[in-house]
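To convert, count from 1 in the sequence shown and add 10; that's my numbering. Everything on this sheet refers to the single structure shown next.
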Amino acid sequence: IKPLIFARLQEALHNYRDHLQKLQQLDQLAQTDVDSLLKQSAKQTTTGQERLPKGVDALTLNKVRDAFADNPQELFSAEQMGSIIGASRTTARRYLEYLTSTEEVKTEVNYGSVGRPERRYTKL
11 IKPLIFARLQ EALHNYRDHL QKLQQLDQLA QTDVDSLLKQ SAKQTTTGQE RLPKGVDALT
71 LNKVRDAFAD NPQELFSAEQ MGSIIGASRT TARRYLEYLT STEEVKTEVN YGSVGRPERR
131 YTKL
């Protein structure tokens, strides 16, 4: 069990209470209501810090962002990014896919003549 940070627990409980109250106030749910509620809960903490999914570390994410900032026109493969940030190809790809989902980078697929297609990432 990880050490408990009371302020974080309190924040989570308050967010849950607010979320539950919003749900109870709705007579009918439209898809836009569901989308809004899900976006709200996933967006940010009250401290303003970006809430990251499990397996995505802020320091490593900043290394990836820095690599794109240093080379804004470059197309990176997961293997290249892994070398730059000092991580495995798989780890680099997890961060690249996260940045793709947040629309910070875009993905291009390069179909070679043999083997699997290679995904390359560039800053938007």
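Note that beta-carbon positions come from the ideal geometry of N, C-alpha and C, so glycine has one too.
Among the options, the one whose alpha carbon lies nearest that of residue i
| i | options | result |
| --- | --- | --- |
| L64 | R104, L19 and Y26 | Note that residue 64 is Lys in the sequence shown here, rather than Leu. Nearest C-alpha to K64: R104. |
| T100 | A88, S93 and A68 | A88 |
| V115 | L62, V74, Q20 and A97 | V74 |
| R18 | Q34, E113, R61 and K32 | R61 |
Supposed close pair residue i, residue j - CB separation, criterion 8 Å
| i | j | result |
| --- | --- | --- |
| M91 | A79 | Actually they are not in contact, since the Cβ atoms of M91 and A79 sit about 13 Å apart, beyond 8 Å. |
Identified DSSP bridge partners for residue i
| i | result |
| --- | --- |
| T132 | K116 |
| S46 | Paired residue(s): none; S46 is not in a bridge. |
| Q78 | Checking the sequence shown, residue 78 turns out to be Phe, not Gln. Per DSSP, none; premise fails for F78. |
Neighbourhood of residue i by C-beta distance below 8 Å, restricted to the same chain and skipping five residues each side
| i | result |
| --- | --- |
| A22 | none |
| L85 | E118, R130, Y131 and T132 |
Nonlocal neighbours in the same chain, by C-beta distance under 6 Å from residue i, ignoring five residues either side
| i | result |
| --- | --- |
| T110 | T117 |
| P82 | K133 |
Cβ neighbours of residue i in the same chain (closer than 7 Å, five flanking residues each side left out)
| i | result |
| --- | --- |
| N120 | P127, E128 and R130 |
For the region 93-130, list the alpha helix (DSSP H) runs that are entirely contained and at least 4 residues long, ordered along the chain. 99-111
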